[in-house]
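Undergrad:
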């Protein structure tokens, strides 16, 4: 599969949040401010890129040759948890302000469906190492895009106001539906 | 009893032992379910093949033949060929590849088509699984029935607002028909499909 | 006895995983296209939740604090894979329909959350009740959303057609925007009910 196709499909046509419903918890929870959304997007992109590289190697050189594919779930989630731990330490040391802003959402990248899902999807689509990494980066960009869009709209909504009964998750979800509808327009852009 | 202290020895011990126990348990369940999983896959194949063919008394699954990526299941009753199910696919679907099972009668006409796996848009392309779409192919002989959507000058009623899926469906069926005629039908003047223009193998096949 | 009953009913209404705790929202949007899918996903998650809560509760004194998350994840991942294999063997159609969301139960915040917040502190029976209650609450929420989406978007109720053949349901509800919309509006309704009945 050529790389342009992988990238466009991952960012726009099959956007990880707005089309595939992965990473919703963070989409609803961490999008109060644009700055936090960007930080989260960057952290997630970093984790899934490394994650896909490592899980590819595990799949290709350990799971398949030894016929222990049923251990895929356990090993992949361990890779994710381990990577997030490392990222946490790095961010705490180098960008403490981001560490404070993300708060509990940084360790929650481990339980972000997107992280594990991207690794599983890359294996399902039989990507090689380079394709898998390119796919991960593109997914990360698409993730950040959706997060920032949502954060931008939510920041504006706070200024403009909205029906009181929709405060909190309801209004966020309705905004999400508008974004999803907009992105549906891309669905004919490129065939898989 | 109080919780275990977080000493290095305890942590390593606890994590290792519990992990090993989990992996062992998992390995056991894997072994136990391996058989039933294969059975479930086979069952799907059997159901699809049986659905698209007239009654038969042989084992088409056992005698299946793979030609150019398609799988052919010949069915006989009392030794006589009663039909052939073809597992075909197309990659031109709106969401990529989907698989079909086409049941042909010995003369090359279609008995029934069943969609095996598809990820088309629900409510649109996914409607191809409805009999309201697939029933139009019953008893049609591709030699005389133009296997293209009406928009493309054919005789197939496409699903409304799902032209791409309908076209892909025709593509899959055409693939199956072309290879079926080429390899299984004793004498035929096949209508060359869009992709296949090689001469038909005349004479008996065997 | 009352306390145990409380553990059980807690997960159904007062701390409903979907409408109150808002945990495990990915499957809520993705899988709720038909009643069977929503119900199946809920039950699969409930079974994993039950197995995990009970195991964590049994082992709670042998899990040092610093490695607890790693151990929880190991236990949960194993249970999910077990359920996945069983579904592949005995409910292949549901398995295909739920797809990648079955392994994603591992990272369902609900399962990890209950292990962390409840099972590692309470007894085995209480943990089991908590799991069953939460599991039922989750299944109820998923099934409710699925029913709404299936009726509006496909004109059927658990595949029983409700509208005359040939008429058009509101397709939007089966598609991604409809998922967000249904969940959002139902959430607003639940919030209003909560305020009214001071839950």
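Residue numbers (this note's numbering), protein chains in the order written: chain A, 175 to 366; chain B, 32 to 237; chain C, 20 to 218.
Built from N, CA and C at the ideal position, the CB exists for glycine as well.
(1) Mind checking if residue 214(A) is an interface residue toward chain C, Cβ cutoff 9 Å exclusive?
(2) For the stretch 85 to 112 of chain C, which residues have a beta carbon sitting closer than 7 Å to at least one beta carbon of chain B?
(3) Is there a Cβ of chain B sitting closer than 9 Å to that of residue 263(A), yes or no?
(4) Taking just the CA atoms, how far does residue 84(B) sit from residue 68(B)?
(5) Quick check on the burial criterion: 16 or more other C-beta atoms within 10 angstroms. Buried or exposed for residue 302(A)?
(6) Assess, as a yes-or-no matter, whether the stretch 209 to 220 of chain A is touched by the stretch 54 to 71 of chain C under the definition of 3 or more beta carbon pairs within less than 8 Å.
(7) Short check: CB of residue 350(A) to CB of residue 38(C), under 9 Å?
(8) If you drop the 5 nearest sequence neighbours on each side, which residues of the same chain put their C-beta closer than 7 Å to that of residue 133(C)?
(9) Where residue 346(A) and residue 328(A) are concerned, what is the direct C-alpha to C-alpha distance, given to the nearest angstrom?
(10) For the stretch 142 to 157 of chain B and the stretch 186 to 195 of chain C, state whether three or more C-beta atom pairs, one from each stretch, are separated by less than 8 Å.
(11) Report the partner residues of residue 175(C) according to the DSSP bridge assignment.
(12) Examine chain C for any beta-carbon lying closer than 9 Å to the beta-carbon of residue 348(A), and answer yes or no.
(13) Could you confirm whether any beta carbon from chain C is found closer than 9 Å to the beta carbon of residue 363(A)?
(14) Residue 262(A) to residue 205(A), Cα distance in whole Å?
(15) So residue 57(B) contacts chain A; which residues on that side make the cut at Cβ distance below 8 Å?
(16) Can the beta-carbon of residue 207(C) be found closer than 9 Å to that of residue 339(A)?
(17) To which residues does DSSP link residue 132(B) through a beta bridge?
(18) Could you name the residues of the same chain whose beta carbon sits closer than 8 Å to that of residue 221(A), not counting the 5 residues immediately before and after it, in chain order?
(19) Could you pull out every residue in the same chain whose Cβ sits closer than 6 Å to the Cβ of residue 90(C), ignoring the five residues on either side in sequence?
(20) Excluding sequence positions up to five away, which residues of its chain have a Cβ less than 6 Å from the Cβ of residue 129(C)?
(21) Counting C-beta neighbours from all protein chains within 10 Å, is the total for residue 343(A) 16 or more, i.e. buried, or is it exposed?
(22) Quick check on DSSP: helix, strand or coil for residue 48(C)?
(23) What are the residues that DSSP puts in a beta bridge with residue 236(A)?
(24) So, at 7 Å on beta carbons, what are the nonlocal neighbours of residue 189(B) in its own chain, with the 5 sequence-adjacent residues on each side left out?
(25) On the CB-based measure, 16 or more other CB atoms within 10 Å of its CB, does residue 88(B) come out buried or exposed?
(26) Using DSSP's beta-bridge definition, name the partner residues of residue 97(B).
TA: Quick look at the numbers:
(1) No, residue 214(A) lies away from the interface with chain C (no Cβ there is under 9 Å from its Cβ).
(2) Contacts with chain B (Cβ-Cβ distance below 7 Å) from the stretch 85 to 112 of chain C involve 85, 86, 89, 90, 93, 94, 97, 100, 101, 104, 105, 107, 108, 109 and 111, listed in chain order.
(3) Output row for residue 263(A): interface = no.
(4) Their backbone Cα atoms lie some 25 Å apart in a straight line.
(5) Taking a 10 Å sphere around the C-beta of residue 302(A), we find fewer than 16 other C-beta atoms and assign the residue as exposed.
(6) For the pair of segments examined, the stretch 54 to 71 of chain C was found not to touch the stretch 209 to 220 of chain A: the number of CB pairs separated by less than 8 Å stays below three.
(7) With respect to residue 38(C), residue 350(A) sits apart: the two C-beta atoms are not nearer than 9 Å.
(8) Same-chain partners within the cutoff: 68, 72, 149, 150 and 153.
(9) Pairing residue 346(A) with residue 328(A), the inter-Cα distance amounts to about 7 Å.
(10) With the cut-off at 8 Å, the stretch 142 to 157 of chain B and the stretch 186 to 195 of chain C touch.
(11) Looking at the DSSP output, residue 175(C) shares a beta bridge with 180(C).
(12) So, interface residue.
(13) Not closer than 9 Å to any Cβ of chain C, the Cβ of residue 363(A) fails to qualify, so no.
(14) The alpha-carbon atoms of residue 262(A) and residue 205(A) are separated by roughly 20 Å.
(15) Here the neighbours are 244, 245 and 248.
(16) Residue 339(A) is positioned such that its CB atom lies closer than 9 Å to that of residue 207(C).
(17) Bridge partners of residue 132(B): 118(B) and 145(B).
(18) Excluding residues within five positions, the ones whose Cβ falls inside 8 Å are 254, 257, 258, 261, 283 and 289.
(19) Taken in chain order, the residues that qualify are 82.
(20) Around residue 129(C), the same chain offers 36, 42 and 43 as residues with beta carbons nearer than 6 Å, after the five sequence neighbours per side are excluded.
(21) Counting the other CB atoms within 10 Å of its CB gives residue 343(A) a total of 16 or more, which places it among the buried residues.
(22) Correct three-state label for residue 48(C): helix.
(23) Residue 236(A) pairs with nothing; no bridge assigned.
(24) Here the set comprises 180, 181, 182 and 197.
(25) Exposed: under 16 other Cβ atoms inside 10 Å.
(26) Looking at the DSSP assignment, residue 97(B) forms a beta bridge with 102(B).
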